[in-house]
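J.: Those protein sequences? They're chains A and B, same order as listed. Note that the working numbering has the first sequence beginning at 1, numbered continuously upward. Note that the working numbering has the second sequence beginning at 361, numbered continuously upward. Once you've had a glance at the structure underneath, I'll fire off some questions.
There are 2 protein chains.
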Amino acid sequence: MDRRSLIKNAGIAGVLAAGAAPAVHAQQAIRWRLASSFPRSLDIVYGCSELFAKMVKSMSGGKFEISIHSPGELMPAFGVFDGVQSGSVEICHTMGYYFYGKNPAFALSSCVPFGLNSRQMTAWLMHGNGRKLVNEFYAQYGVTSFFGGNTGTQMGGWFRKEIKTPTDFKGLKMRMGGGLIGEVVQKLGAVPQNIPGGEVYTALEKGTIDAAEWVGPYDDQKLGFNRVAPYYYYPGWWEGGPNVDLFVNQKALAALPDEYKTILEAASLYLHTNVQAKYDALNPGALKQLVAAKTKVLPFSQAIMEASYKASMEVFAENDAKSPEWRKIYADMRAFQRDEVLWFRFAEASFDGFMFRQKL
Amino acid sequence: MDRRSLIKNAGIAGVLAAGAAPAVHAQQAIRWRLASSFPRSLDIVYGCSELFAKMVKSMSGGKFEISIHSPGELMPAFGVFDGVQSGSVEICHTMGYYFYGKNPAFALSSCVPFGLNSRQMTAWLMHGNGRKLVNEFYAQYGVTSFFGGNTGTQMGGWFRKEIKTPTDFKGLKMRMGGGLIGEVVQKLGAVPQNIPGGEVYTALEKGTIDAAEWVGPYDDQKLGFNRVAPYYYYPGWWEGGPNVDLFVNQKALAALPDEYKTILEAASLYLHTNVQAKYDALNPGALKQLVAAKTKVLPFSQAIMEASYKASMEVFAENDAKSPEWRKIYADMRAFQRDEVLWFRFAEASFDGFMFRQKL
C-alpha cells in the first residue's frame, strides 16, 4: 500500500486521528531469499549471514525478512550469481572470484594473488575507488555488491609431501578455489582441481590429489585435513585479504524503501566486521591444537613466493589484454595497494613486528 | 505516544482504518544529543560520527535523530563521560582512556601500550570477552560502550631533536594523550604535558614542549607539526590499535524501542569500520607529502622500544595492585593477545612482509 492509497482508503481524517502519519514504507512487509555459496560447515561465514538477516529483521521491526539458504536448497553453490541476476533470489552471499570464468574482473571484488590485505581491501572499497568501480562493472549484470566479510590472510593449505622449490609444484594435483588462482598455479606446473569442500578430505586421503587449500586453522581443522596431509604451508599468497560479497539484484534493491536500503547497508557492515573478528578470535586456538596434533606448519620458501609472484603478474598482464573491465579496475587497485604497502611498513608493521618478538 | 495512548486517542477503529497497525515504537520521534571529545579538525573521526547519526536517522525513517556537538558546545572535551553518566546527554564519542584518572580500567576499552592492534582489538571486543567485561565495568557508571572507530597503529609523534636512546627521554617535555601513557613515559624520565590539540603547534614552535604525539600522517599534517619539529618517529607503541568508544546512558538505551537498539548497534559498526578504512585510505598520501616536505621519518630504536615495554609492564603491575577491575579485564585482554600475536605471525605477517619487499 503506498501513501496515496492509504489516504484514499482511510480518508485523511482517519490518518490524522491515528496520530502523526507513519512513514508508509515502514509498514511494507518484505521477504527476500538469500542463496549462500557457503556450506553450513563454514559456520563463521554462514553463521554471520544468519546474524545479518537477524539484524535486518530487528532493525525493520520485523518487517524486512531475509531467509538464508545453503547450497543445493534453491540452487547450486556456484549458481547463486545467476540466481540474483535473473531475480530468482534477491541476494546471495558468495565470492566474486567464483565467477571469474564470466569475466576476470569478477575476482576484483574478492581478491587477487599478492593483492590487498583485509584492512587495505576494506579501505579501497570504502574510501578508495573500489566500491564505485566494482559496482559499475556489476551494473551490467543488474547487480550491486555490498560488504560480506573477510577471512584475513588465509593459510597456503595442506600438502602430502614437503614442497621446497617452485619445481615441486610440477604435476602437483592441488585443490584450489577460484579460476584466477588456478591459472597462476598452472604456470608453476601444478594441476588445479575443482573439488567441493565436502569431498576434499577423501581425495586427499586416497591420494587422488596431492594438496588442498581451504581457509585457515579454524575451518581447516573441522574438515580434519591434518589427519591426511602433514604439511601445512603459509601464507595463502593468493588470498591475502579475501573479501566476501553480498550481491543484490538491482531491481529488488531499487524497490526497497529508503530506510531499508540503509538498513541493508549497515547490516552488511555488521556482517563484514563480524566475519573478520570471529576468524581472528577463533583461528589462534585452532592453530595451537593443530600444532599439538603434530601438524608441521611451514612457510613457503622465498623462491616459491617469488616464482608465484612472477606467475601472478603474468596472468594479470594476460587479463589486462583480455578484459577492459579488469584492466581499469585492477590498475586502480594496484595504485592504491602501492600506497598502502608503503604506509603499512611504518607504524603497523613495526608495531606488530616488535610484539612478535616479545615473550607475552 | 505509546501503543495504549494511541489506541485510546484514535479509537481502535481509527487505527484499523489506517491499514495494518504499524509497530507503535516506529512512530516515536526520538532525539538524542551526542557530545564529542574530538574537534571538527579531526575530520575523519568527527565526520564519521556525523555519518553515524545520518545512518541512524535514515534507518529509522527520520524518527531517531542524533545531533553531534563538538567540544565546548555543550560541555568540555573531557566532560563528556560525566555528561552521559548524569544523563545530560544520551551519548558521547570519546576514548575511554581519557578517563583513566577515575579508574585505570577506563583505558581497557581504548588501548594500552604494547596492546592489541586494530583487528585484534575488534576481535577481542566482539568475539572474545572484551565487550562483556568492559561493559560490566561501565555498568557501575550506568553507561554502556559501543564501537566507535579505530585509527590503526598511530605514529610516535614529532620531536624537535633526534632521540636515540632511552636516556634521551630524560627531562623531555612531551605532549601525550591519556593518563596511562603519561605514567609510562614518566618512568622513562619524560615530563608528560596535557595540552589541547589546538595549542600543540605553538607550544612546539616556542619550545615550551620538546615533542608531541597526535595521531598519524593525515591528522598530523593538517596541524602542521612538520614545520616546527623535523623528526617523526614510529611506531606509537602506546597506541597499537586505539579503539574509539561510543558511551551511551543505560537508561536512555533501555528506553529505546528494540529496533532502535539494533539500529544503534549496526550504525556503531558502520562508524567503526568507516573510521579505520578512512584512516587507512588517507594516511599514505599524507605520509608521502610529509616526506616530500623533508620530514625525517625514523623508527624508535630497539633500546627505546625495550625500555618502553619494560616501563609499561611496571605500570600494568601497579594497576593490578590498584584496581581489581583493571586486573580482571587486563588479564583477559593479555591472554587473548598472547594467542593473537602467535597467529598473526603466520599468515598475516608473512604475507605483509613479502609484499613490503616487492617493487609494486
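Glycine included, each C-beta is placed from N, C-alpha and C at the ideal position. Computed from a prediction, not measured in an experiment: that's the story for all the values here.
1. Give the straight-line distance between the Cα atoms of residue 550(B) and residue 659(B), rounded to the nearest whole angstrom.
2. Consider the Cβ of residue 418(B): report whether some Cβ of chain A lies at a distance smaller than 9 Å.
3. Work out the CA separation of residue 514(B) and residue 417(B) for me, nearest whole Å.
4. If you draw a straight line from the alpha carbon of residue 376(B) to that of residue 28(A), how long is it in whole angstroms?
5. Taking only the alpha-carbon atoms, compute the straight-line gap between residue 157(A) and residue 222(A) and give it to the nearest angstrom.
6. Please return the same chain residues whose Cβ sits closer than 7 Å to the Cβ of residue 228(A), not counting the five positions on each side in sequence.
7. Does the CB of residue 266(A) have a neighbour CB from chain B at under 9 Å?
8. Leaving aside the five residues before and after residue 688(B) along the sequence, list all residues of the same chain whose C-beta is less than 6 Å from its C-beta, in chain order.
9. Grouping DSSP H, G and I as helix and E and B as strand, with all else coil, what is residue 693(B)?
10. Which of the three DSSP states is assigned to residue 390(B) in this structure?
11. The beta strand (DSSP E) with residue 296(A) in it runs from where to where?
12. Tell me, which residues are paired with residue 395(B) by DSSP?
13. In the DSSP assignment, what residue or residues form a beta bridge with residue 144(A)?
14. Would residue 165(A) be called buried (16 or more neighbouring beta carbons within 10 Å of its own) or exposed?
15. Do residue 595(B) and residue 348(A) have their CB atoms nearer than 9 Å?
16. Figure out for me which residue from 682(B), 483(B), 456(B) and 673(B) has the closest Cα to the Cα of residue 398(B).
17. I think residue 211(A) touches residue 172(A), with their Cβ atoms under 8 Å apart; what is that distance to the nearest whole Å?
18. Indicate whether at least one CB of chain B lies closer than 9 Å to the CB of residue 278(A).
19. When the cut-off is 9 Å and only beta carbons count, does residue 66(A) lie next to chain B?
20. Between which two residues does the alpha helix (DSSP H) containing residue 577(B) stretch?
21. Measuring only the C-alpha atoms, how far is residue 693(B) from residue 474(B)?
22. Can a CB atom of chain A be found closer than 9 Å to the CB of residue 383(B)?
23. From residue 24(A) to residue 258(A), what distance separates their C-alpha atoms?
24. Please compile the residues from chain A whose C-beta is within a distance smaller than 7 Å of the C-beta of residue 513(B).
25. Closest by CA to residue 500(B), which one among 466(B), 511(B), 646(B) and 470(B)?
26. For a cutoff of 9 Å on Cβ pairs, would you count residue 669(B) as touching chain A?
27. Taking a Cβ distance cut-off of 9 Å, strictly less, list which residues of the stretch 561-580 of chain B are near chain A, in chain order.
28. So, does the CB of residue 478(B) fall closer than 9 Å to a CB anywhere in chain A?
29. On the three-state DSSP scale, how would you describe residue 157(A)?
30. Give the straight-line distance between the Cα atoms of residue 712(B) and residue 293(A), rounded to the nearest whole angstrom.
31. Is the distance from the Cβ of residue 345(A) to the Cβ of residue 241(A) below 9 Å?
32. Out of 635(B), 486(B) and 469(B), state which residue places its alpha-carbon closest to the alpha-carbon of residue 403(B).
33. Per DSSP, what kind of secondary structure is residue 190(A) in: helix, strand or coil?
34. Do we get a CB-CB distance below 9 Å when we pair residue 529(B) with the residues of chain A?
35. Does the ligand ATP have even one heavy atom less than 8 Å from the beta-carbon of residue 304(A)?
36. Out of 314(A), 252(A), 281(A) and 248(A), point me to the one whose CA is closest to residue 218(A)'s CA.
T.: Reading it off the structure:
1. 19 Å
2. yes
3. 32 Å
4. Note that residue 376(B) has pLDDT 34, beneath the 50 cutoff, so the model's placement of it is unreliable and the number below is only indicative. Going from the Cα of residue 376(B) to the Cα of residue 28(A) covers about 16 Å.
5. 14 Å
6. 201, 204 and 205
7. yes
8. none
9. helix
10. strand
11. 296-299
12. 429(B) and 452(B)
13. 248(A)
14. exposed
15. yes
16. 456(B)
17. 6 Å
18. yes
19. no
20. 577-583
21. 12 Å
22. Since pLDDT at residue 383(B) reaches only 44, below the 50 mark, its modelled position is unreliable, and the value read off the structure follows with that caveat. Yes, contact with chain A.
23. The pLDDT assigned to residue 24(A) is 43, lower than 50, so where the model puts this residue is not dependable, and the model offers no usable value.
24. 347, 348 and 351
25. 466(B)
26. yes
27. 576 and 577
28. yes
29. strand
30. 28 Å
31. no
32. 635(B)
33. coil
34. no
35. The ligand ATP is not part of this structure, which contains no ligands at all.
36. 281(A)
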